[in-house]
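Everything on this sheet refers to the single structure shown next.
In my numbering, the protein residues as written are 3 to 243.
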């Protein structure tokens, strides 16, 4: 494990104010992994500015691709509502399979320095937008460009205030609606950004964070996650990247 860099954790909190981690109560394995990830940067699950959000597992798909996709959508929506209810002006939303990885502190510095000079609304800690200019590790994301995954997402309260009714309207529509119905939550955010082109959205390129290899709560587990030996090898390989 790389040396703890407490400055990285303090810098994250200085920029985002709060860290909210989405975690299913029945996944203590992921809570333990998150505790290790936070320890890398000098934070802990019991830090006063770090909060676990109990992820939602609904009883039915309700038009979503899976129960897990439905739950992920409701969980992200619940975090946005928490931001507004608590009166926070911003927060960093992490999913419990996020990996900050070796070199996180080194990559974080230039990204935060760039953000300090920007009026931002959303920040993805990752991107696949290799054709976009990313001076010092930060790219501005046009509203018509999709970003997959939501394991590291910075959110302003002003953006959450727009997103909550937008996502709630999606829940009320039928699957496949031309206006946007039930879908994976990262896709819902892409629809939301296209509908609100005034939002200033940025992404870290190369990524600040990736997803750990871990059995998925959204889709069927990959075959190598169902075999303990290969699952361990997968984690070793991921940690060496």
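Backbone N, C-alpha and C fix where the C-beta goes; we use that ideal spot for every residue, glycine too.
None of the values given here were measured: they were computed from a predicted structure.
{"Asked": "Between 28, 100, 142, which lies nearest to residue 120 when the distance is taken from Cα to Cα?", "Found": "142"}
{"Asked": "Would you kindly work out how many angstroms separate the C-alpha atoms of residue 212 and residue 145, rounded to a whole number?", "Found": "22 angstroms"}
{"Asked": "Near residue 109, which residues of its chain fall below 6 angstroms by C-beta distance, leaving aside the five closest residues on each side in sequence?", "Found": "210"}
{"Asked": "Only counting the same chain, and skipping five residues up and downstream in sequence, which positions put a Cβ closer than 8 angstroms to that of residue 36?", "Found": "23, 25, 47, 96, 98, 100"}
{"Asked": "At 4 residues or longer, what runs of the alpha helix (DSSP H) sit wholly inside the region 110-191?", "Found": "159-174"}
{"Asked": "Can you tell me whether residue 123 is buried or exposed, with buried defined as 16 or more other CB within 10 angstroms of its CB?", "Found": "buried"}
{"Asked": "Which whole runs of the alpha helix (DSSP H) in the region 13-55 are 4 residues long or more, in chain order?", "Found": "30-42"}
{"Asked": "Beta-carbon within less than 6 angstroms of residue 51's beta-carbon, same chain only, minus the 5 sequence neighbours each way: which residues are those?", "Found": "15, 20"}
{"Asked": "Given that a residue counts as buried once 16 or more other Cβ atoms are within 10 Å of its Cβ, and exposed if not, what is residue 150?", "Found": "exposed"}
{"Asked": "Going by Cα to Cα distance, which pick from 105, 112, 74 is closest to residue 63?", "Found": "74"}
{"Asked": "Using DSSP's beta-bridge definition, name the partner residues of residue 205.", "Found": "126, 141"}
{"Asked": "What does the alpha-carbon distance come out to for the pair residue 76 and residue 180?", "Found": "21 angstroms"}
{"Asked": "Taking DSSP as the reference, what is the three-state secondary structure of residue 58?", "Found": "coil"}
{"Asked": "Starting from residue 96 and walking both ways along the beta strand (DSSP E), at which residues does that stretch end?", "Found": "92-97"}
{"Asked": "Judging by CA-CA distance, which residue of 90, 93, 148, 78 is the nearest neighbour of residue 168?", "Found": "78"}
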